[in-house]
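Residue numbers (the numbering used here): 2 to 181. So the structure is just underneath, and the comments pick up after that.
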Amino acid sequence: TKPFWGNSVKSWVISYYNPVYIKNVYKGIIGIDISISKLMEILLGERQNKKFTYENSYPILASQDGILVATNSLGYENLNIKEGATAGTNLLNFNSDSFKKVISKMVDPKSWDPDTSDKDLGGVEKVNINNKEYYVFYFPVRTANLTFAIVSPLENVEKIVTLNIEKSKPAASALKSKIM
């Protein structure tokens, strides 16, 4: 299903369900509700900031309407959102034009069109958040009607590109010239 706010768990929830057939006879349906905050905790660890791979980077999970579904403590802080206040936070209303532009791309209806090729989905955009430059790497998770993004400071990406250039100068220098 599309993500929905679960009042009993105080978190966004996704339901997955499938019909059950035995010898080609429909017997019912089986399903599960998954708390997205619990899923993020499993993926990133309980102390999400400490266990996230890239320093000063944070994940964003957004609905196809641009509603913030989940992030970690650093994400809440950087986006000036009260921690845990996801249900009413529309990222399309953020105070950075470059960030709103990325969110608009993240929620573009073509991302949810099954005729759109996987290679045409997602992207990388440079944004300014609170007077600091970041890259946002994003892609849709079609089965959950969500978009997953990683927001990483410019210096992190430049550091990675520089390291890769040392290892593989021809291909990496072409990449560096594109993003810098």
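By construction, the Cβ of each residue, glycine as well, lies at the ideal position given by its N, Cα and C atoms. None of the values given here were measured: they were computed from a predicted structure.
Cβ pair residue i, residue j closer than 8 Å
i           : j           : result
residue 100 : residue 128 : yes
residue 15  : residue 35  : yes
residue 92  : residue 69  : yes
residue 59  : residue 103 : no
residue 141 : residue 124 : no
residue 157 : residue 79  : no
residue 155 : residue 134 : yes
residue 120 : residue 64  : no
residue 81  : residue 113 : no
residue 12  : residue 37  : yes
residue 151 : residue 97  : no
residue 10  : residue 66  : no
Range of the contiguous alpha helix (DSSP H) that encloses residue i
i           : result
residue 108 : Element bounds for residue 108: n/a, residue is neither H nor E.
residue 74  : 74-79
As assigned by DSSP and simplified to three states, the class of residue i
i           : result
residue 58  : coil
residue 181 : Reliability fails at residue 181, whose pLDDT of 49 lies under 50, so the model's placement of it is uncertain and no value is given.
residue 19  : strand
residue 94  : helix
residue 129 : strand
residue 122 : coil
residue 104 : helix
residue 4   : coil
residue 70  : strand
residue 99  : helix
residue 134 : strand
residue 10  : coil
Where residue i falls, given that 16 or more other Cβ within 10 Å makes a residue buried
i          : result
residue 18 : exposed
residue 27 : exposed
residue 76 : buried
residue 8  : exposed
residue 72 : buried
residue 5  : exposed
residue 23 : exposed
residue 21 : exposed
The beta strand (DSSP E) enclosing residue i, as first and last residue numbers
i           : result
residue 26  : 26-36
residue 154 : 147-154
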